[in-house]
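Residues in the sequence shown are numbered consecutively from 281, following our numbering.
Worksheet for the structure shown next.
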Amino acid sequence: MCDTLVATPEVTVDGRMLFAKNSDREPTEAQRVELVAEQRHAPGAVTRCTYVDVPEVSATRRALLCRPYWMWGAEMGVNDAGVAIGNEAVFTRAPHAETGLTGMDLVRLGLERASSARGAVELIAELLEAHGQGGNGGHRSVFRYHNSFLVADPEEAWVLETAGRAWAAKRVRGVRSISNGLTLGDDWELTSSGLAARARDYGLRPGKGREDFARIFADPVITKAAAAVRRRACTERLLERERGSISALTAMRALRQHGSPDRPSRALGGVFQTVCAHAGWLPTRAHGQTTGSLVARPGDACWVTATAAPCLSLFKPVDLGAELPAFGAPNGSYDPGTLWWRHERLHRLALRDLDGALGSIGAERDRFEMEVLEGLPPGDAWARAVRLEASWEAALRDRGLSSAPLPRYWRRLDRESGLPAAPS
281 MCDTLVATPE
291 VTVDGRMLFA
301 KNSDREPTEA
311 QRVELVAEQR
321 HAPGAVTRCT
331 YVDVPEVSAT
341 RRALLCRPYW
351 MWGAEMGVND
361 AGVAIGNEAV
371 FTRAPHAETG
381 LTGMDLVRLG
391 LERASSARGA
401 VELIAELLEA
411 HGQGGNGGHR
421 SVFRYHNSFL
431 VADPEEAWVL
441 ETAGRAWAAK
451 RVRGVRSISN
461 GLTLGDDWEL
471 TSSGLAARAR
481 DYGLRPGKGR
491 EDFARIFADP
501 VITKAAAAVR
511 RRACTERLLE
521 RERGSISALT
531 AMRALRQHGS
541 PDRPSRALGG
551 VFQTVCAHAG
561 WLPTRAHGQT
571 TGSLVARPGD
581 ACWVTATAAP
591 CLSLFKPVDL
601 GAELPAFGAP
611 NGSYDPGTLW
621 WRHERLHRLA
631 LRDLDGALGS
641 IGAERDRFEM
651 EVLEGLPPGD
661 AWARAVRLEA
671 SWEAALRDRG
681 LSSAPLPRYW
691 RRLDRESGLP
701 AAPS
């Protein structure tokens, strides 16, 4: 489960596009942040995606990717043309293929190949129709789904929703969120050809007149269990309240919400997932851990956490034209040499008393991000962030949280990944 949002230039404080996403995956599924260089490819070259091969193009773009460590594709990213893309699982009544391009593959292919938001929509749609979508999107468990995408460049933003090889798209004006549910009715602006015939091929009834994409394809039961409507309303409500003054700080705050009003305890004890997602044993929350977050002004600036749980994380600047700081490439097992896994120690301490932990670190977190947005150089920002998080971990340990009980669900996950039971 994920939440992705956009605010177009006419509603932001500085007249620039704003894009943001929480990547919600299985807990302990480490996420890498990496830059892929532009490349040239010989005629006939192919790229191996997560499960299938696709023909290469003559040249690909430089792109920042946030991706699950074991996948070729990316959950979200930004390229050097100023195109930002994020995908979401959506639950449809169209059949699920055993193999094909994953939604994350389509994100990466769009970032590597597109020079505009509209171009990325058309490219993803073309690849979807040619190769199909499919394969297992889960880490430790089997999880099959279709995908929606939010795509933005400095001028335009688009929502693209899919079901099997069917798709529909609409340009965004103002604010928009997507949260694991189909949202396009008959108001789409672009769509796959033969949409009604495709629906009938899937055993569905398209109805008469202009096709209502969500009505035809959505699985309402699973969509409701994913809390898609409630999470989308949560982020869009915050953005609408600040229409005309929306900033990067607004987006960061939106990604940190535990419901509306914001109550961290709701994220730990509730049945349904919140925007800032903390996983739990219930099926409605098992795939609901935010493992990485990104905020971008496409074509201008980008900030990532490179860690899980944005409420406990720091957004740090990334310069697409420079090398990334050396913060390690995490895998599926605990590795204290990587930022992502070190932050999991802080995360576990905070889970024992999330309200108290956020009360301790929130003000310092917010001051740091204000300095970042005021121009703190990336190298200095990343170095200071490492020191800050280490001090937070020590402070929470000094409060005795390392000896407080951790839910059995998390203790089991930590044994499997090798995370120390008592951070030290």
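Ideal Cβ positions, reconstructed from N, Cα and C, are used throughout, including at glycine.
For W468, DSSP records no beta bridge to any residue.
In the assembly as shown, W468 is a buried residue. Its beta-carbon has 16 or more other beta-carbons within 10 Å.
When DSSP states are grouped into helix, strand and coil, C282 belongs to the coil group. As for any beta strand (DSSP E) of minimum length 3 sitting wholly inside the stretch 390-467, the runs are 426-432, 437-443, 446-452 and 455-458, ordered along the chain. Scanning its chain for C-beta atoms nearer than 7 Å, with the 5 sequence neighbours on each side dropped, one finds around E624 the residues A588 and L699, in chain order. Around the beta-carbon of G417, 16 or more other beta-carbon atoms lie within 10 Å, marking it buried.
At a Cβ-Cβ threshold of 9 Å, R485 and I496 count as neighbours.
In terms of Cβ geometry, P348 and R398 do not form a close pair [threshold 9 Å]. Taking a contact to require three or more Cβ pairs closer than 8 Å, the stretch 387-397 and the stretch 469-488 do not qualify as touching.
In this structure, the alpha-carbon of V316 lies about 45 Å from that of G489. Scanning G461, T463, A494 and L462 for the CA closest to the CA of A476 turns up A494. Annotation: G636 is outside any beta strand (DSSP E); the continuous alpha helix (DSSP H) that includes it extends over L634 to L653. Bounds of the alpha helix (DSSP H) holding T515 are A508 to R521.
For the alpha helix (DSSP H) assignment, the uninterrupted runs of no fewer than 4 residues enclosed by the stretch 521-581 are, from N- to C-terminal side, 528-535 and 544-549.
Counting along the chain, the unbroken beta strand (DSSP E) around E314 starts and ends at Q311 to V316. For the 9 Å CB-CB criterion, G362 and G579 form a contact. Within its own chain, the residues whose Cβ lies closer than 7 Å to the Cβ of H376, once the five positions on either side in sequence are excluded, are G414 and R424, listed in chain order.
For L562 and M532, the gap between their C-alpha atoms comes out near 27 Å. L408 and A606 have their C-alpha atoms spaced approximately 35 Å apart. With contacts defined as CB atoms closer than 9 Å, A310 and P610 qualify as a contacting pair. Put simply, of A400, S683, P685 and A581 the residue whose alpha carbon is nearest the alpha carbon of E436 is A400.
Given a length threshold of 3 residues, each whole run of the beta strand (DSSP E) inside the stretch 587-641 is given here in chain order: 596-598. Nearest Cα to L464 within the set R478, M351 and W447: W447.
Cα atoms of E669 and G487: separation of roughly 55 Å, rounded to the nearest angstrom. Exclusion of the five residues before and after A675 leaves S640 as the residues of its chain whose Cβ lies within less than 7 Å of its Cβ. Taking W621 as the centre and dropping the five residues before and after it, the same chain places the C-beta of P610, Y614 and D615 closer than 6 Å to its C-beta, in chain order. Residues of the same chain with a CB within less than 7 Å of the CB of H627, apart from the 5 flanking positions on each side, are A588, A589 and L592 in chain order.
The beta carbon of L470 sits closer than 6 Å to those of A449, all from its chain and outside the five residues before and after it, given in chain order. For L681, no alpha helix (DSSP H) encloses it, and the DSSP letter there is neither H nor E. For A505, the enclosing alpha helix (DSSP H) begins and ends at P500 to A505. Taking every protein chain shown into account, the CB of D678 has fewer than 16 other CB atoms within 10 angstroms, so this residue is exposed. For G383, same chain residues with a beta-carbon under 6 Å away, outside a window of 5 residues either side, are N367 and N427 in chain order. Straight through space, the alpha carbons of G642 and L285 are spaced by roughly 23 Å. The alpha-carbon separation between A513 and A506 amounts to approximately 13 Å. Here M281 is buried: its Cβ has 16 or more other Cβ atoms, across all protein chains shown, within 10 Å.
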